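Structure record follows, encoded as structure tokens.
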Amino acid sequence: MSIGFYFDMSRCTGCRACQIACKDKNRLEVGTIYRNAHTFSVGSFPEVKCYSYSASCNHCESPACMAACPTGAIDKREDGAVILDREVCKGDGACVEACPYGVPKLWEDGKAGKCDSCYLIREAGGTPACVAACPNRALDFGEVEELKKKYGDALVSDIAVLPSSDKTKPNVYINAKETATETGFTEVDW
Amino acid sequence: MGITDTGISRRKFMQGSMAVAAGAAALSAFGCAPNAEVKKTDKTEAVNPEEGGTWVNAACWHNCGGRCVNKVMVKDGAVVRQKTDDSHEDSPDYPQQRGCVRGKAQQQQCFGADRIMHPLKRKGWQPGGGSNSNGENRGKDEWEVISWDEAIDLACQEIKRISDEYGPTGFYCKSPDPSINVMCGCVRGWDTTSHGTYTLGAEMIGLPSCGLGNANDRFDMKNAEYIIMYASNPTWSAAGTPTYYYIQAHEAGAKFICVDPLYNASAQMLDADWLPVRNGTDMAFLLATAYEMLRLDEAEGDIVDWDFLHTYTVGFDAESMPSDAKVNENLKDYILGTYDGTPKTPEWAYPICGIEPEKITAFARIMGKNNKTMLLHNYGMARCNGAEMIPQMIVALGAMGGHMGKSGHATGSAYHANCGNAGPVLVKAGSATMPKTKNPCSTGVRQPQLYELIKNGGGDVLDVSNAYGSFHEGIPTTLGPIKGIFHSTDATLQTSLNQKEGIEAHRAVDFVLTRAQFMTTNARYSDIILPVTTEWERVGGVTSSNREFVYCYSQVTEPIGEAKTDQEIGTLLLQGMGMDPALAYDKSETQQFFEQIAGCQVLGDDGEMKPLVTITADDIQKMGVEGEAQEGVISMDEFITNGGYQYERTSDDGHGFIGWKSFVDDPAGKPLKSNSGKIEIYCQQRYDLMASYGYPGVEQYKPYPTYVTPCVGYESTFKDGKIGGEKGDYPFIMYNPHYLRRSHTVFDNCPWLRETWANPVFVSREDAKAKGISDGDTVLISTPAGKGLRRAAVLDILLPGVVGVPHGAWVDVDEKTGIDRAGSDNYLIGAEYGGFGVSGYNNQICNIEKYTGDALEPDCEWPQRIVNA
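Same order as they appear, the protein sequences are chains V and Y. First residue of the first sequence: 1, per the working numbering; consecutive thereafter. First residue of the second sequence: 1001, per the working numbering; consecutive thereafter.
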């Protein structure tokens, strides 16, 4: 069984509501971000297209963070969620280095932390905070097979701003705009 | 001590907030990491961090454009988490009222480490006026904590003195509250703020007040083929559900066109075609579009809806002039060049507005009568110098295509919570009846000019308005000195233009009294600061949102520190003045909350509004209020627990709305409010009122839309004021887009939002290259009015020649250099005006250069403004 995120690029304005919802739920201080949304442009004025992408842990089939962790603090749960136990973490930082998506973050206390797919909220019957927060309903979460059934087969895990999915087999399923496959992108850092 | 430079660092926010809340309740859960408790093995029972907490519907009350659901988990008196609407299953027809990025950080407002906890007095200030006030030290002085008794005594002593000597005109307040009206009164400032030139006589044209409310409802958006987003970016300016309606129209096949100097976030998502019209030159673009519609109609036919024009409008052509016209001219002949020999062709418009002629032609085709086109505007183009006739021109263009009163067609505004969802309310909030108070002074002064008046100790003004969106014939008035300033419920010194002179004016008076939660701009330049609660610390309230939803919020926490509510503060001030507080407040805030609930209404099956909430004698007794039981459709308990009431809509529920339809169906029986009862493309009444003010440049105007040279605008970027000539010292157009980090000024201090939205200056790639500016560089923005700094966001999605200074950053002047480190938009704008005195927020002029002084750090790393008094 695998769980993962669905992201509908055609519905994302890059408003970053997901980013703050995640910071809130995880009580993260300034400097530590588990989910973020970025906006990219392709082309130059006035022939320009844009898209936004909301990124967090992809709860990969082959989590590089877990493979790299020397203390066994990272675990892939039965449902596929990749969880980092901060009590076990010794702050080695190997996961931060290993993840091609840059997901785990070192806290000021030296230990790492990352998205746990709001495991406890889900256990209590809820939805990950970012998904529930999205004003445009651009995010969803669930069993991968269910997501594919719900959103169709045209979903991709590779867009120009992400590393190749070959490495870790990420469970992120994107309804991508065509523009998002073009490599000549620029971040709109506004 | 002053505002700390070494106070609580950003990383100490959590601890800082704990300290803040400690006075009210322990904030024990704040800072814990829930996922630390997800144990590695499944054998360990997972602990839900929310266990033991209670979800409370929390207020979200700012001038942001939304009224969305904001729920907070309160545990041991502290807020440990927020979430948005989950009160019913979400569907496109019956959407949850989900909030935006800002509301999710609301906890950092209420519980911010930078909350003002106690009444403060500026050390150098003493009552008595004159040199006692040491006014020049406002904004520089240190603060001392004083008791509420001292604060009220000092304030009332000073208010009495000024009131006795100068009367009501001795004071100024932008938005006086009841206590100010009763205590002393004040001169008011007027401003065209949000709706720009739509604040002047929109009804005279035949539009609703401020142009609000005559588009179609959300279900009909799906019937459009083309949706023009004119100066419109709902995701930043109409947070909440509106963007979701646009998504649904997009998914139903509508094609979007964005008219905006910035390829904005909404347009990006919708893959809109982009027409980057240069700020403040919209009239040239719109006139040329009309010219092309006429040309195409002549050449090919079926573009202009002549029947519509001749049935529903006056002043478009010679055969449809209104009876009160004093000038025998019309829009069509002006466009064709009959009067000035200049046809308003796309080639004429191109050097002004920057849109290539073929794109104007394509746009004219989209506006043609056989397309289902919705022309939905926000107001950025009306917040420009010289934009007085934009309301008439936009409605004229919509009328040329006949895009009114029909499904799939619209001409109207897309603003705030009603963006993309116009129509009469299906459910509405009640209100408490309070004593009517009257300001003994009716004089209103154009806000930016008021500062000069204060500095000059009074002078002659033409009083033309003292209420928003309402102008009257000019009343010549001579004002004496203004000695006292009140800031009660607004952020005037930050949100009004001419801020630099505003600071000087604040330093020129005897006394500035401010209510504040933080060391805001208003607070910083004050003498006494009274700590006021946020809505989270009050008893609760009900607010109207969009037409389908009312929000009911409850108290989250006891007041932080010594903060008091507005009513408590007003009561103390009135008592201090020896007046009866009941003149302003005659019932408790709980009673007011009850009346808001009891007064809520919902549309009944019979088409009449009727009570929404069922109230029993038991409810009344439990709440400890006075009232009568009533029958509604939801129990009071449920209403409060659910956080309000949403009217469940379906596409065929009969509550769909088509703007203008009643007038279009029956123009004689349901005339508009204009003199002719029709849409006045030529409007004598509005022109006469505006011209009577005699403001600079008004001689250029006609009673119908024409292109005028603004007092400050694109022309001003050229040395000789002629487009196409040599550029002058301020070669760029500067404008102030709304920014998602804050609601005007509110939230600008929240660390999470500072980190998430960094407050840069928007610079086009082409201009950045020419100026040697890279992403993240510190940029000095210079204007005739002032200088400010921001970090550069170099964009491929901004029209070259335009500089965007997102609105609302809290001014932070370096007293040595006079440079504002926050890059406050209004610090960079002066007081120039023309036409009818519109505030030209969006077509100012500036220069930019790479700053050679110390680079700015990201402002989420700046110390918070914590008063160490």
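C-beta atoms are modelled at their ideal positions from N, C-alpha and C, and glycine is treated no differently. Every value quoted in this text rests on a predicted model; they were computed, and no experiment measured them.
Bridge partner(s) assigned by DSSP for residue i
i: Y/Gly1189; result: Y/Val1445
i: Y/His1088; result: Per DSSP, none; premise fails for Y/His1088.
i: Y/Ala1078; result: Y/Lys1075
i: Y/Arg1122; result: Y/Trp1143
i: Y/Pro1611; result: Y/Gln1601
i: Y/Asp1114; result: According to DSSP, which records beta bridges pairwise, Y/Asp1114 is partnered with nothing at all.
i: Y/Lys1332; result: Paired residues: none, contrary to the question.
i: Y/Ser1544; result: Y/Val1550
i: V/Phe141; result: V/Phe5
i: V/Thr186; result: V/Ser41
i: Y/Gln1844; result: Y/Met1734
i: Y/Gln1875; result: The displayed coordinates of chain Y run from 1001 to 1869. Any statement about residue 1875 of chain Y would go beyond what the structure contains.
i: Y/Met1636; result: In the DSSP output, where bridge partners are listed per residue, Y/Met1636 has none listed.
i: Y/Trp1274; result: Y/Cys1258
i: V/Tyr173; result: V/Tyr6
i: Y/Phe1471; result: DSSP lists no partner for Y/Phe1471.
Helix, strand or coil at residue i [DSSP, three-state]
i: Y/Arg1790; result: strand
i: V/Met9; result: helix
i: V/Gln19; result: helix
i: Y/Ala1024; result: In this prediction, Y/Ala1024 scores a pLDDT of 33, lower than 50, which makes its location untrustworthy; the coordinate-derived value is nonetheless stated afterwards. In the structure shown, Y/Ala1024 sits in coil (DSSP, three-state: anything other than H, G, I, E or B).
i: Y/Arg1218; result: helix
i: Y/Gly1664; result: For the sequence presented, residue 1664 of chain Y should be read as Val rather than Gly. Note: Y/Val1664 maps to helix in three-state DSSP.
i: Y/Glu1037; result: Per-residue confidence for Y/Glu1037 stands at a pLDDT of 47, beneath the threshold of 50, marking its modelled position as unreliable; the derived number appears in the next sentence. Y/Glu1037: helix per DSSP, three-state reduction.
i: Y/Glu1766; result: helix
i: Y/Leu1798; result: strand
i: Y/Lys1850; result: strand
i: Y/Phe1486; result: strand
i: Y/Lys1704; result: In the sequence as presented, Lys is not what sits at residue 1704 of chain Y; that position holds Tyr. Y/Tyr1704 falls in the coil class under three-state DSSP.
i: Y/Thr1197; result: helix
Selected residue, minimal CA-CA separation from residue i, among the options
i: Y/Gly1776; options: Y/Leu1799, Y/Tyr1735 and Y/Leu1789; result: Y/Leu1789
i: Y/Gly1052; options: Y/Ala1078, Y/Asn1070 and Y/Gly1066; result: Y/Ala1078
i: Y/Ser1131; options: Y/Tyr1339, Y/Val1509, Y/Pro1176 and Y/Asp1665; result: Y/Val1509
i: Y/Asp1796; options: Y/Ala1691, Y/Arg1098 and Y/Val1763; result: Y/Val1763
i: Y/Lys1160; options: Y/Thr1521, Y/Cys1173 and Y/Met1183; result: Y/Met1183
i: Y/Glu1225; options: Y/Leu1287, Y/Met1374 and Y/Glu1626; result: Y/Met1374
i: Y/Gly1830; options: Y/Glu1815, Y/Thr1495 and Y/Arg1507; result: Y/Thr1495
i: Y/Tyr1841; options: Y/Gly1196, Y/Ser1091, Y/Leu1207 and Y/Ala1113; result: Y/Gly1196
i: V/Asp85; options: V/Cys99, V/Gly102, V/Glu78 and V/Met66; result: V/Met66
i: Y/Asp1307; options: Y/His1403, Y/Leu1331 and Y/Ser1674; result: Y/His1403
i: Y/His1416; options: Y/Ala1349, Y/Ser1544, Y/Ala1523 and Y/Thr1514; result: Y/Ser1544
i: V/Ala17; options: V/Val131, V/Phe7 and V/Glu123; result: V/Val131
i: Y/Glu1136; options: Y/Gln1449, Y/Tyr1244, Y/Ile1503 and Y/Leu1497; result: Y/Ile1503
Supposed contact pair residue j and residue i - C-beta distance, whole angstroms, cut 8 Å
i: Y/Trp1536; j: Y/Val1556; result: 4 Å
i: Y/Ala1584; j: Y/Pro1435; result: 6 Å
i: Y/Gly1570; j: Y/His1118; result: Incorrect: roughly 19 Å between the Cβ atoms, too far for contact.
i: Y/Ile1390; j: Y/Thr1281; result: With 8 Å as the limit, Y/Ile1390 and Y/Thr1281 do not qualify as a contact, their Cβ atoms being about 11 Å apart.
i: V/Ala160; j: V/Glu182; result: 6 Å
i: Y/Asn1418; j: Y/Asn1546; result: 6 Å
i: Y/Cys1860; j: Y/Ala1105; result: Wrong, their Cβ atoms sit about 12 Å apart, outside the cutoff.
i: Y/Gly1624; j: Y/Thr1590; result: 7 Å
Given 8 Å as the limit, is there contact between the region 1355-1365 of chain Y and the region 1290-1303 of chain Y, that is, 3 or more CB pairs closer than that?
-> Because the criterion of three Cβ pairs below 8 Å is met, the region 1355-1365 of chain Y and the region 1290-1303 of chain Y touch.
Quick check: the region 1736-1753 of chain Y against the region 1310-1325 of chain Y, are there 3 or more CB pairs under 8 Å?
-> no
Are the region 1479-1495 of chain Y and the region 1139-1150 of chain Y touching by the rule of at least three beta carbon pairs closer than 8 Å?
-> no
Quick check: the region 1700-1708 of chain Y against the region 1224-1242 of chain Y, are there 3 or more CB pairs under 8 Å?
-> Under the 8 Å Cβ criterion, the region 1700-1708 of chain Y does not count as touching the region 1224-1242 of chain Y, having fewer than three qualifying pairs.
Decide yes or no for the touch test of the region 1210-1221 of chain Y against the region 1654-1664 of chain Y: beta carbon pairs closer than 8 Å, at least 3 of them.
-> yes
Contact between the region 1608-1616 of chain Y and the region 1571-1578 of chain Y: three or more CB pairs below 8 Å?
-> The region 1608-1616 of chain Y makes no contact with the region 1571-1578 of chain Y; the number of CB pairs closer than 8 Å stays below 3.
Is the region 1686-1696 of chain Y touching the region 1192-1208 of chain Y in the sense that three or more CB pairs, one from each, lie closer than 8 Å?
-> Between the region 1192-1208 of chain Y and the region 1686-1696 of chain Y there are three or more C-beta pairs closer than 8 Å, enough to call the two in contact.
Does the pairing of the region 1668-1681 of chain Y with the region 1247-1255 of chain Y give three or more beta-carbon distances under 8 Å?
-> no
Stretch pair the region 162-172 of chain V + the region 95-114 of chain V: three plus CB contacts closer than 8 Å = Taking a contact to require three or more Cβ pairs closer than 8 Å, the region 162-172 of chain V and the region 95-114 of chain V qualify as touching.
With a cut-off of 8 Å, do at least 3 Cβ pairs link the region 170-177 of chain V to the region 52-64 of chain V?
-> yes
Touching or not, the region 1758-1774 of chain Y and the region 1083-1092 of chain Y, by the rule of three or more beta carbon pairs under 8 Å?
-> no
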